[in-house]
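Here the sequence shown is numbered in this note's numbering, starting from 5 and rising by one per residue.
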Amino acid sequence: MMLFMLRAKLHNVKVTDKKLYYNGSITIGEELLKKAGFLEGEKVEIYNMNNGKRFSTYVIKGRGSEIVLNGAAARMGEIGDALIIASYALMTEKEAKRHKPKVVKF
5 MMLFMLRAKL HNVKVTDKKL YYNGSITIGE ELLKKAGFLE GEKVEIYNMN NGKRFSTYVI
65 KGRGSEIVLN GAAARMGEIG DALIIASYAL MTEKEAKRHK PKVVKF
């Protein structure tokens, strides 16, 4: 049996900018990518704590600790909104029992 398990998440990061007319995705600053262990191009799930909207997209590497909603994702939140950004990994049950997700809280 294979299970989808939380691999890593950024909890309570704030949206710093929006770019509606940009190729869709989320830009995450390099500092935050390193803290969470996210990779450029990785699929992530986004949970907006301000409005309850949930969506998935892929990561674009940005600068510093910026969080930018791009394209259609720009319609899912406002500057200053608090987000949870999570990635998941497929694991065997044995792997899942040993796995500890990387959680970075702000």
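Just so it is clear, CB atoms sit at the ideal spot from N, CA and C, and this is done for glycine as well. All figures in this text were calculated on a predicted structure; none of them were measured in a lab.
Alpha carbon to alpha carbon, how far is Tyr-25 from Leu-10? Give it in angstroms, no decimals. So the alpha carbons of these two residues sit roughly 31 Å apart.
DSSP beta-bridge partners of Gly-66: Beta-bridge pairing links Gly-66 to Gly-33.
Give me the Cβ distance between Ala-77 and Asn-16, rounded to the nearest whole Å; I'm assuming they're in contact under 8 Å. About 18 Å separates the two Cβ atoms, so there is no contact after all.
Cβ-Cβ distance between Val-108 and Leu-73 below 9 Å: No. Outside cutoff.
Assuming Ala-90 is part of the beta strand (DSSP E), what are its boundary residues? Taken as a continuous stretch (DSSP letters only), the beta strand (DSSP E) holding Ala-90 covers 86–96.
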